[in-house]
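A.B. asks: Quick one: the structure is below, and I'll ask about it shortly.
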Amino acid sequence: MTAPSLFWFRNDLRLTDNPALAAAIARGAPVIPVFIWAPEDEGDWPAGGATRWWQHHSLAELDSRLRVCGSRLTIRRGPASQIVPELARETGAQAVFWNRRYEPALTASDAQLKTDLKRLGLEVESHAANLLFEPWTIQTGGGTPFQVFTPFWRKCLAQPEPALPHPAPQALPAPAKWPTTIPLDQLELLPRIPWDSGLRQAWRPGEAGALDELQRFLKQGVADYPVERDRPDHVGTSRLSPYLHFGEIGPRQIWHAVREFARRTAPREGDTVGEPYLRQLVWREFAFHLLYHFPQTPTAPLREAFNAFPWQTNRRALQAWQRGQTGYPYIDAGMRELWHTGWMHNRVRMATASFLVKDLLISWQEGARWFWDTLVDADLANNTLGWQWTAGCGADAAPYFRVFNPVTQATKFDPEGVYVRRWVPELAKLPTKWLHQPWDAPRSVLADAGVSLGKNYPRPIVDHAEARTLALEALAQTQRDKAR
DNA sequence: TTTTGAGTTGTTCGA
DNA sequence: GTCGAACAACTCAAA
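In my numbering, the protein residues as written are 537 to 1020.
Right, dumping it as structure tokens:
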């Protein structure tokens, strides 16, 4: 009887295009798929509530998919440095397979574990699955990491095309005896008080959900993406971010599906259907590249001048922002969409982030923490890049004078107010003309719409024009201090 | 080494 | 109402 192999599932909860899993199967020995729940291994970034919810359902779906292949998922509780060697001993496994992770704490612990396992006489194989280009493979001509997106993008395009995705295995060879598993419920990933109904309505975690979403996007979204992606009131984006985060779909699958779609629908030379979307996919690559090369950035600004920025501590304002009670309907709509569905349209993420950082002068780290806890797609690399970009302290950041105007953004990207009415129902009856700035509405209009400012909807917690001036002064000061 | 061109997503003001 | 310029200066990447 051949000794089995362990396959350790992490952020690659899929059977399709899973190279380490394919390699484990190809080894010819029985394969034992394992998942280890170990929040303590995640360092300063243990999974937030929305992430835990998704994780639970994703694992359930993965287990049923594995069962179709004659296999099953073994679940254990961490830390992984202990559990993996323990499981190897228990099952008599000779080899361990996994796909690589790229977050600083995790690359370090994976490297350590690899060394430890080899010392125990085990074979260990790690594979590339979750990025198109691993962070160390893309370099400037000078051999340094990129800090500006466009040259990074061009360099990526100059690489050989990412490999074609592996097909999903039909079957996994089962061991003679399965190790014991913890029941999924015992991980207690689901909320005790049931606040997750909005999430359940909005999402179907798991590989099948991911593939359906990709098909939906190819059919209805990708061609109009350059315009439609800016409309939070439409479904114009891919909505693949949570699936990508958990690895229920791999970037290579998306890359080649989009390329193939573009070839079929626009066979002309030089046509760029799909390219704007692929560019966004490469922004994700850029985020991982930056996090890998600048591992301090989840908590520290890349531009050190910002260490001296006079961020305010204001619990009441922070809370108003978190709860969608700022008095700016577009901002509140976004924050409530986030709370309700675990996701927010990217257009609105920028506006809400800009509001926290520039209107309230609350640090981007506070915002990043809140997003981390509430997003189903919470991802250290993307979250860090996004917040530092908005705050103006990151790589390739927005110029400091770029302050989003919550009313202008709303009228531009939610022109009929569909988005705001969906998430801020207390304003639903306001005419569109006043919807995005109810404080300017005539009293009679407010009364007719049943809106009583300060009672059933707040007055603005700051005056945007004043806040903008203050922010610009503080930011200009930071620039001057640095220059000195 | 030095130089040059360029850089995701905006807003406001004044002509 | 529309449009272009100003809002800074810096740093990156490549020639």
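Positions of the beta carbon are idealized from the N, C-alpha and C atoms, including for glycine.
1. Is the separation between the beta-carbon of Val912 and that of Leu623 shorter than 9 Å?
2. Compare the beta carbon distance of Phe543 and Val567 with 9 Å and say whether it is the shorter of the two.
3. Nearest-angstrom Cα distance between Arg603 and Gly742?
4. By the 10 Å Cβ neighbour count, where 16 or more other Cβ atoms means buried, how is Ser899 classified, buried or exposed?
5. Counting only the same chain and skipping the five closest in sequence on each side, list residues whose C-beta sits under 7 Å from that of Leu916.
6. Glu659 to Leu649, Cα distance in whole Å?
7. Determine the direct distance from the alpha carbon of Leu656 to that of His770, and round the result to whole angstroms.
8. So, with DSSP's three-state summary, where would you put His792?
9. DSSP puts Glu659 in a beta bridge; with which residues?
10. Are the beta-carbon atoms of Arg788 and Asp553 separated by less than 9 Å?
11. Report the partner residues of Val960 according to the DSSP bridge assignment.
12. Quick one: what does DSSP say Thr1005 is sitting in, helix, strand or coil?
13. Among Val893, Thr716, Leu971 and Leu549, which residue has its Cα nearest to the Cα of Leu1006?
14. Helix, strand or coil for Leu609 per DSSP?
15. For my contact list, Pro862 and Ala856 are in at a C-beta cut-off of 8 Å; report their separation, rounded to the angstrom.
16. Could you give the C-beta distance for Thr910 and Gly584, rounded to a whole number, given that I count them as a contact under 8 Å?
17. Per DSSP, Tyr638 forms a beta bridge with which residues?
18. Would DSSP call Tyr993 helix, strand or coil?
19. Where does the unbroken alpha helix (DSSP H) through Pro566 begin, and where does it stop?
20. How many Å lie between Pro705 and Ser600 at the Cα?
21. Spatial neighbours of Ala1021 within its chain, please: C-beta separation below 6 Å, excluding the five flanking residues on both sides.
22. Beta carbon of His792, beta carbon of Pro696: below 9 Å?
23. What is the residue span of the alpha helix (DSSP H) that Leu747 lies within?
24. Which stretch, first to last residue, makes up the beta strand (DSSP E) that contains Trp544?
25. Given a threshold of 16 other Cβ atoms within 10 Å of its Cβ, counted over all protein chains shown, does Glu597 qualify as buried or as exposed?
26. Assuming the contact rule is C-beta atoms closer than 8 Å, Val960 and Arg872 should be a hit. Round their C-beta distance to whole Å, please.
27. Name the two residues that bound the continuous alpha helix (DSSP H) containing Ser736.
28. Determine the extent of the alpha helix (DSSP H) in which Cys692 is found, giving its start and end residues.
29. Give the DSSP-derived three-state secondary structure of Phe571 in the structure shown.
30. Can you tell me the Cα-Cα spacing of Arg767 and Arg883, whole angstroms?
31. Give the single residue among Pro719, Glu811, Pro942 and Thr643 whose Cα lies nearest to the Cα of Val570.
32. Ignore the nearest five residues each way along the sequence and tell me which others in Thr773's own chain have a CB closer than 6 Å to its CB.
33. How is the alpha helix (DSSP H) around Arg588 delimited, first residue to last?
34. Using a Cβ-Cβ cutoff of less than 7 Å, which residues in the same chain neighbour Ala853 once the five nearest sequence positions on both sides are dropped?
35. What residue ranges within the segment 812-882 form continuous alpha helix (DSSP H) runs of no fewer than 4 residues, ordered along the chain?
36. Have a look at Asp962 and Gln618 and give me their C-alpha separation to the nearest angstrom.
C.D. replies: Taking the structure as given:
1. Mapped onto the first sequence, residue 912 falls at position 376. Mapped onto the first sequence, residue 623 falls at position 87. Note that the C-beta distance between Val912 and Leu623 is not below 9 Å.
2. Stepping through the first sequence from its first residue, residue 543 is reached at position 7. Stepping through the first sequence from its first residue, residue 567 is reached at position 31. A contact, by the Cβ cut-off of 9 Å.
3. As a first step, residue 603 must be located in the first sequence, where it is residue number 67. As a first step, residue 742 must be located in the first sequence, where it is residue number 206. Spanning the two alpha carbons is a distance of roughly 14 Å.
4. For the purposes of this step, residue 899 is taken as residue 363 along the first sequence, with counting starting at 1. Answer is buried; the Cβ neighbour count reaches 16.
5. Numbered from 1 along the first sequence, position 380 holds the residue referred to as residue 916. Excluding the 5 residues flanking it on each side, Leu916 has same chain C-beta neighbours closer than 7 Å at Trp581, Glu639, Leu827 and Pro834, in chain order.
6. Taking the first sequence and counting its residues from 1, the one referred to as residue 659 is at position 123. Taking the first sequence and counting its residues from 1, the one referred to as residue 649 is at position 113. About 12 Å.
7. Indexing the first sequence from 1 puts residue 770 at position 234. Indexing the first sequence from 1 puts residue 656 at position 120. Roughly 54 Å between the two C-alpha positions.
8. Numbered from its first residue, the first sequence carries residue 792 at position 256. Of the three classes helix, strand and coil, the one that applies to His792 here is helix, per DSSP.
9. On the first sequence, residue 659 is found 123 positions in, with the first residue counted as 1. Paired residues: Ala631.
10. Position 252 of the first sequence, counted from the start, is the residue given in the question as residue 788. Position 17 of the first sequence, counted from the start, is the residue given in the question as residue 553. In contact: Arg788 and Asp553 (Cβ atoms closer than 9 Å).
11. Here the question's residue 960 lines up with position 424 in the first sequence. Paired residue(s): none; Val960 is not in a bridge.
12. As a position in the first sequence, residue 1005 is number 469, starting the count at 1. In the displayed model, Thr1005 falls within a helix according to three-state DSSP.
13. Within the first sequence, the letter at position 470 stands for residue 1006. When each option's Cα is compared against that of Leu1006, the closest is Val893.
14. Start at 1 with the first residue of the first sequence, and residue 609 comes out as number 73. Correct three-state label for Leu609: coil.
15. Here residue 862 is taken as the residue at index 326 of the first sequence, counted from 1. Here residue 856 is taken as the residue at index 320 of the first sequence, counted from 1. With the sequence shown as reference, residue 862 is identified as Thr, and Pro is not the correct amino acid for it. Between Thr862 and Ala856, the beta carbon gap of about 5 Å places them in contact (Cβ cut-off 8 Å).
16. As a working note, residue 910 is residue 374 in the first sequence. As a working note, residue 584 is residue 48 in the first sequence. The Cβ separation is near 6 Å, so the contact holds.
17. Looking up residue 638 in the first sequence gives position 102. Tyr638 is not bridged to any residue.
18. Along the first sequence, one-based indexing puts residue 993 at 457. Of the three classes helix, strand and coil, the one that applies to Tyr993 here is strand, per DSSP.
19. The sequence position of residue 566 within the first sequence is 30, counting from 1. Where Pro566 is concerned, there is no enclosing alpha helix (DSSP H), given that its DSSP letter is neither H nor E.
20. Indexing the first sequence from 1 puts residue 705 at position 169. Indexing the first sequence from 1 puts residue 600 at position 64. Straight-line Cα distance between these residues: approximately 14 Å.
21. For residue 1021 there is no data in the structure shown, the boundaries of the chain being 537 and 1020.
22. As a position in the first sequence, residue 792 is number 256, starting the count at 1. As a position in the first sequence, residue 696 is number 160, starting the count at 1. The answer is no: Cβ separation not under 9 Å.
23. Within the first sequence, residue 747 is the residue found at index 211, counting from 1. That run of the alpha helix (DSSP H) goes Glu743 to Gln756.
24. Along the first sequence, one-based indexing puts residue 544 at 8. That run of the beta strand (DSSP E) goes Ser541 to Phe545.
25. The residue you call residue 597 lines up with position 61 of the first sequence. Buried is the call here.
26. Along the first sequence, read from residue 1 onward, the residue named residue 960 stands at position 424. Along the first sequence, read from residue 1 onward, the residue named residue 872 stands at position 336. So it is a contact: roughly 7 Å between Cβ atoms.
27. Locating residue 736 in the first sequence gives position 200, counting from the first residue. Rather than Ser, the amino acid found at residue 736 in this sequence is Arg. Taken as a continuous stretch (DSSP letters only), the alpha helix (DSSP H) holding Arg736 covers Ser733 to Ala738.
28. To locate residue 692, count along the first sequence from 1; it is residue 156. Looking at the DSSP string, the run of the alpha helix (DSSP H) that includes Cys692 is Phe685 to Ala694.
29. The residue given as residue 571 occupies position 35 in the first sequence. If DSSP states are grouped into helix, strand and coil, Phe571 belongs with the strands.
30. Locating residue 767 in the first sequence gives position 231, where the first residue counts as 1. Locating residue 883 in the first sequence gives position 347, where the first residue counts as 1. Arg767 and Arg883 have their C-alpha atoms some 7 Å from each other.
31. For the purposes of this step, residue 570 is taken as the residue at position 34 of the first sequence. It is Pro719.
32. Here residue 773 refers to the residue found at position 237 when the first sequence is read from its first residue. Hits under 6 Å: Arg765.
33. Taking the first sequence and counting its residues from 1, one reaches residue 588 at position 52. Unbroken alpha helix (DSSP H) run through Arg588: Gly585 to Val604.
34. As a working note, residue 853 is residue 317 in the first sequence. These residues qualify, in order along the chain: Leu896, Ile898 and Ile997.
35. 851-859 and 865-877
36. Reading the first sequence from its first residue, position 426 is the one you call residue 962. Reading the first sequence from its first residue, position 82 is the one you call residue 618. Reading off the sequence shown, one finds Glu at residue 962, where the question assumed Asp. Across the structure, Glu962 and Gln618 are spaced so that their CA atoms are roughly 52 Å apart.
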